[in-house]
Amino acid sequence: MNFKGTIICDGYSAYGNLPAITFANCWAHVRRYWLNADSKQGQVGVDYCEQLYRLERQFKRLRPGKRRKYSKPIVEEFLKWVDESSFFGKSALAKATEYTLKRANELKVFQFDGRIEIDNNPTENVIRPNVIGRKNWLFSVSKAGAKANAFLDSKISKKHV
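The working numbering numbers the first residue of the sequence shown as 121 and each following residue consecutively.
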């Protein structure tokens with residue numbers, strides 16, 4: 121593989137073995153973990169993420185320095201709050217804390233390059249039909265049905281490329 125650059129992703133550990141790649145982790149995934157905590161403290165985490173999304177909508181495509189000026193204090197305050205939290209164990213809050221802290225450096229990458237998006241939602245939206253289809257095809261009733269599903273998927277996939 122000759123690609124060198126930045127990939128925005130969910131932080132799946134297998135990606136870490138790719139050479140010459142900078143990883144920018146996805147804030148939508150972080151937000152989801154805090155949303156799943158479904159508590160007052162979880163809402164605090166969601167609110168930090170929402171502040172970043174409001175800024176992104178307002179300042180999208182600004183020079184990295186200007187973008188960083190506005191997002192850095194929010195990111196730093198959020199990560200400090202998470203780091204100083206006492207959310208341990210197996211609760212949803214503990215999972216959100218662990219997920220966020222493990223990816224802290226990669227969550228800051230978007231601040232340094234104005235081309236890097238804050239999340240990978242556009243990509244996930246494009247691949248969603250294939251992912252959903254893959255699960256559904258496990259239950260193809262016949263070999264002919266599986267072939268028909270594969271044919272349709274190849275046509276759908278070509279439209280998105």
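By construction, the Cβ of each residue, glycine as well, lies at the ideal position given by its N, Cα and C atoms. For clarity, every value in this text was computed on a predicted model and none was experimentally measured.
Where residue i sits in the DSSP three-state scheme
i	result
residue 236	coil
residue 271	helix
residue 122	coil
residue 144	strand
residue 281	Low local confidence applies: a pLDDT of 46 at residue 281 is under 50, so the model's placement there is unreliable, with the coordinate-based value given in what follows. Coil, per DSSP.
residue 208	coil
residue 189	helix
residue 200	helix
residue 152	helix
residue 166	helix
residue 195	helix
residue 229	helix
residue 172	helix
residue 138	coil
residue 223	coil
residue 177	helix
Buried versus exposed call for residue i [16 or more other C-beta atoms within 10 Å across all chains shown]
i	result
residue 165	buried
residue 216	buried
residue 187	buried
residue 178	exposed
residue 272	exposed
residue 122	exposed
residue 226	buried
residue 274	exposed
residue 138	exposed
residue 261	exposed
residue 264	exposed
residue 176	buried
residue 239	buried
residue 157	buried
Residues near residue i by beta carbon distance below 6 angstroms, same chain, minus five either side
i	result
residue 152	none
residue 199	224
residue 219	153
residue 214	207 and 208
residue 141	127
residue 356	Coverage of the chain is limited to positions 121 through 281, which leaves residue 356 absent and any answer about it impossible.
Counterpart residues of residue i in DSSP-defined beta bridges
i	result
residue 129	145
Own chain partners of residue i with C-beta closer than 8 angstroms, once the 5 adjacent residues on each side are dropped
i	result
residue 222	131
Inset, instruction - Give a yes or no on contact between the region 185-199 and the region 154-173, applying the rule of three or more CB pairs nearer than 8 angstroms. - result: yes
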